[in-house]
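J.: Note that the sequence shown covers residues -23 to -1, 1 to 608 in mature numbering (1 follows the signal peptide of the UniProt record, and there is no 0). Yeah, the Cβ is synthetic: ideal placement off N, Cα and C, and Gly gets one too. Okay, here's the structure, questions in a sec.
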Amino acid sequence: MKERHNLLGSTLALLIFVAKVNAFYLPGAAPHNYELGERVDLFVNALTPMLSGNVDSKLKSLINYDYYHPAFHFCQPESGPKSQPESLGSILFGDRIFDSPYDIKMLEANATCRTLCNPIQVPPEDAKFINDRIREDYALNWLIDGLPAAEMKKDLKTGDIFFDIGFNLGNDDDEIPSLNNHYEIVLRYHEPSPGVYRVVGVLVWPSSRGGSQDTDRLDCGGEGPPLLLSETQSTTVRYTYRVTWDRSDTPWATRWDNYLHIFDPRIHWFSLINSIVIVVFLCVMVGMILLRTVTRDISRYNAIDLSEDVQEDWGWKLVHGEVFRTPRFPMLLAIMVGNGAQLCAMCSVTLVFALLGFLSPSNRGSLATVMMVCWSLFGGIGGYYSSRVFASLGGADHRKNAFLTATVLPTFVFIVIFLLNFFLLVAGSSGAVPFTTMLLIVLMWFGISAPLSVSGSYIGLRQGSVSHPVRVNQIPRQIPPKPRYLQPWASALLAGILPFGAAFVELYFIMSSLFASRAYYAFGFLMLTAGVVALTTGMVTILFTYFVLCAEEYRWHWRAFLTGGGSAFWILAYGLFYWASRLSLDSFSSVALYLGYLLLLCLFDFLVTGTIGFLASYWAVRRLYSAIRVD
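Below, the structure is given as C-alpha cells:
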C-alpha cells in the first residue's frame, strides 16, 4: 500500500484514505469467472482463537498470530510470502492476508496426497509454542475467491447444515496436543453457463498424520497415529493436502447463505418482541404522566385568578425560575453531547448501509471502514450540537469549546488504542496496528474530522442558543432532601435496566462477534433493536426528569445525561459476566485487551444513550414550562 506524507489540506488526506480503502459493493455483483484449469489462489489469514463446538467451551485467548509467524513453521512460497491489499477496517480488526504455496486449479483434483513443501524441522521451543496454541483452540483461516475456508457442521437444534468459519490448528481431545498436518480441501463450484465456473463453497477437513514424515508421499486414506510435537527434541513435520471438486446448485449470489447461519432464529424474535413490549409499556406510562398529570397541573395553574391572594406553587412549577440555570461544568456536558451526537449519526448511517446490503461480507473490514469514514465526515454534527448546547447553557468561551470537542474524545480513544496496541506488540500478535495505519488515522482526524468539527461549531454559534420559555432567578433556591431512588447513581442504574433489557440478547451476539471471531450479520434485528433502545432511553429519561423536577430538584441537566447513559453500567456488568462465563483468559495481554475494548464499548454507549436522554429531556422540559403561565 502506498502512503503519502506530504498532505496539502484535508482534500489530499481524503484522497489518501480512499486509496487505501477497497470499494464496497452489493453482494452478488462482482463474481469471478474461472476457466477450466485456471489457477485458483488460496490466501492465508491470521490464526485466531475460536470457540469449540462444546456448549461449555470458553475462549482462551484474544491474541491473533500471523500465519507465517516463525514459530509455526508453515510452508511458504518459494519467493517468500507477499501481503495482499487490505482495507482500513480489515487492518484494524487484525486481518493479515498473504499468498500461499498451495497449487489449486479449476476442476483439477488430486487423486493422492500432495506434499506442500519439504519436511520441516520444528525445534522444541517452537513445539511448545504450537502446543500451547492448540490447547487454546486456535484456528487457521484461509480465503479462496473471497470465501473463508470452513468446516461443515450440523445445528443440533434445527438439524440444518452450515459452514463454521475456520478450522482447528490441532486437536487436544486426549489432553495431548496433536498438530493437523494434512488438509482435505473440498471446493464447491457452480457452472452458470458452459465453460464458466464459480467458487461457491470452501470446506476443509484437517487431520493429524503421524508416522514417518520423510517419505515422498503419504497415504491420504490411511489411519495412523497422530502427529505429536516433542518439546524435548526437534520434530519432523510434512504438510500434505488433497483437493476435491464438488458440483453445487448454489448460485454465486447466495453462496454466503451457508456461512451466515443463525443458530436459533427464535431468540432474535424473542429479543425484538421483548424490546417492543418494553417500549409500549414505557410509552403508556409516560403518556399517562404527561397527558394526564402534567395536563391537569397546567390547567390548574393557568386557572388561578390573578385578583385573588398569591397562591403557593408546588411541585415542578415551584422551580420554574431555576430549571434553566447554568449547570456545573457546562462545557464538559456540551462536549459529551456533541461527541454523542456524532456517534449517533455514525451508527445510524452505518446500520443503514449494512441493512441495505452494501457492506458485503466478502469485502473484509468494510463495516469498520465505513464507521471510520462516517466518524470523520460527521465531525460537523458533533461540533454543531456541542456549540448550540454550550450556548444554551450560558457558556461563553466558544473557541475553547470547539477545540475540546474536536480533540478530547479522539485523544482519549487514541491513547487507549495505543496502550492496547503495545500489549499486542509485546505478545507478538498480528493484531497490532502498523505505524502507517496509526498515522493515517491521525491524519484523518486532523485533516477531516477536526476541521469539520470546527466548522460545525461555527455554524452552531451563528444560530445561537435555544430560547427558554421562563427566566432564571438571580438567587438560587434551596433544594429539599430527595428520595433515595432519585439520587444520581441510583436513578442511572434503575433507568438503565430497561434499555439494557431491550438489547441484551443482541448484545451477546455482538460480544461474540467482537471477541470470539463470530460473523455478525443480523443487521435487520440490530437496527430495530437500536431504534427501540433509543426510544426507550428517551422515554425513561423524560420520566425520571419529571420525577426529579417534582421533587424540586432543578439540577436536571447532568442527571438527564447520567440517567440516559445508565445502560452503559449494565453493559459493563454484562461484560464482566461474559468474561466469567464465556472466557478463560490466562495471559495478562488478553485480559488487558478485553477490559480495554470493553471500556471503549461502554464509553461509546454512555455517550450515545446519554446524549439521547439529555436531548429528549431538554425538549420535554422546554415544552413543559412553555405551556404554563408564569406570573
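1) How many Å lie between P457 and E530 at the Cα?
2) Could you give the residue range of the alpha helix (DSSP H) that holds I548?
3) Measure from the alpha carbon of S38 to the alpha carbon of each residue in L164, R600, A550 and T25, then state which is nearest.
4) How is the beta strand (DSSP E) around G178 delimited, first residue to last?
5) What's the gap between the Cα of V252 and the Cα of S544?
6) When the Cα of S594 is compared with those of V517, M129 and D76, which residue comes out closest?
7) Identify, in the order they occur along the chain, each residue of the same chain with its Cβ nearer than 8 Å to the Cβ of residue 655, setting aside the five sequence neighbours on each side.
8) Is the beta carbon of R454 closer than 8 Å to that of E299?
9) Residue ranges of each alpha helix (DSSP H) run of no fewer than 4 residues wholly in the segment 410 to 445, ordered along the chain?
10) Could you check the C-alpha separation between L503 and A480 for me, to the nearest Å?
11) Let's test the definition: count the other Cβ atoms within 10 Å of the Cβ of L416 and tell me whether it reaches 16, buried, or not, exposed.
12) Check S594 in the structure and name its three-state DSSP category.
13) Report the three-state DSSP secondary structure of E299 (helix, strand or coil).
14) Identify the continuous alpha helix (DSSP H) that holds F51 and give its terminal residues.
15) With distances taken from CA atoms, which of A7, L512, V568 and R461 is nearest A528?
16) Around the Cβ of S189, are there at least 16 other Cβ atoms within 10 angstroms (buried) or fewer (exposed)?
17) Rank S567, C90 and N145 by C-alpha distance to the C-alpha of F400 and give the top, closest one.
18) Does DSSP classify I74 as helix, strand or coil?
19) Considering only their Cβ atoms, is the gap separating I121 from V179 smaller than 8 Å?
20) Would you identify the three-state DSSP class for G147, choosing helix, strand or coil?
21) Could you tell me whether the Cβ atoms of L164 and V220 are closer together than 8 Å?
22) Within a Cβ cutoff of 6 Å, which residues of the same chain sit near I111, ignoring the five residues on either side of it in sequence?
23) So, under 8 Å CB-CB, L438 and A368 are touching, yes? Tell me the CB distance rounded to an integer number of Å.
24) I'd like the list of long-range same chain contacts for P169, defined as Cβ closer than 6 Å, with 5 residues on each side in sequence excluded.
25) Per DSSP, K130 forms a beta bridge with which residues?
26) With burial defined as no fewer than 16 other Cβ atoms inside 10 Å of the residue's Cβ, what is the status of P125: buried or exposed?
27) Below 8 Å on the Cβ atoms is my contact criterion, and I expect L206 with A104 to pass it. Report the Cβ-Cβ distance as a whole number of Å.
28) Measuring straight from C-alpha to C-alpha, what distance separates Y362 and G433?
29) Cβ of V390 within 8 Å of Cβ of N398?
30) Distance check for L249 and L512, CA to CA, integer angstroms please.
31) Near N235, which residues of its chain fall below 7 Å by C-beta distance, leaving aside the five closest residues on each side in sequence?
T.: Looking at the atomic coordinates:
1) Here the C-alpha atom of P457 lies approximately 8 Å from the C-alpha atom of E530.
2) Boundaries of the alpha helix (DSSP H) around I548: S544 to R559.
3) For S38, the closest alpha carbon among the candidates L164, R600, A550 and T25 is that of T25.
4) V173 to S184 is the extent of the beta strand (DSSP E) around G178.
5) Strictly speaking, residue 252 in this sequence is Ser, with Val absent from that position. The alpha-carbon separation between S252 and S544 amounts to approximately 14 Å.
6) Of the candidates V517, M129 and D76, the one whose C-alpha sits nearest the C-alpha of S594 is V517.
7) This structure gives no information on residue 655, because the portion of the chain shown stretches from -23 to 608.
8) With contacts defined as CB atoms closer than 8 Å, E299 and R454 qualify as a contacting pair.
9) The segment 410 to 445 contains these whole alpha helix (DSSP H) runs: 412 to 421 and 427 to 440.
10) Approximately 9 Å between the Cα atoms of the pair.
11) Exposed is the call here.
12) Per DSSP, reduced to three states, the secondary structure at S594 is helical.
13) E299: coil per DSSP, three-state reduction.
14) That residue, F51, is in no alpha helix (DSSP H); it is neither H nor E in DSSP.
15) If we check each option's Cα against that of A528, R461 comes out closest.
16) Within 10 angstroms of the beta-carbon of S189 lie fewer than 16 other beta-carbons, which makes it exposed.
17) The option with the nearest alpha carbon to F400 is S567.
18) Three-state result, I74: coil.
19) It is a contact, given that the beta carbons lie within the stated cut-off.
20) Correct three-state label for G147: strand.
21) In this structure, the beta-carbon distance from L164 to V220 falls below 8 Å.
22) Scanning its chain for C-beta atoms nearer than 6 Å, with the 5 sequence neighbours on each side dropped, one finds around I111 the residues L146, G147, D149 and P154, in chain order.
23) Contact flag correct, Cβ pair sits at about 7 Å.
24) Sequence-distant partners of P169 (beyond 5 residues in either direction) whose C-beta falls short of 6 Å from its own C-beta are missing from its chain.
25) According to DSSP, K130 bridges with F139.
26) Burial call: buried.
27) Right, the Cβ-Cβ distance comes to about 4 Å (below 8 Å), so this counts as a contact.
28) The straight-line gap from Cα to Cα measures roughly 8 Å.
29) In this structure, N398 does not lie closer than 8 Å to V390 by Cβ.
30) Approximately 14 Å, taken between the alpha carbons.
31) For N235, where only same-chain residues beyond five positions count, the Cβ hits under 7 Å are F139, F140 and G178.
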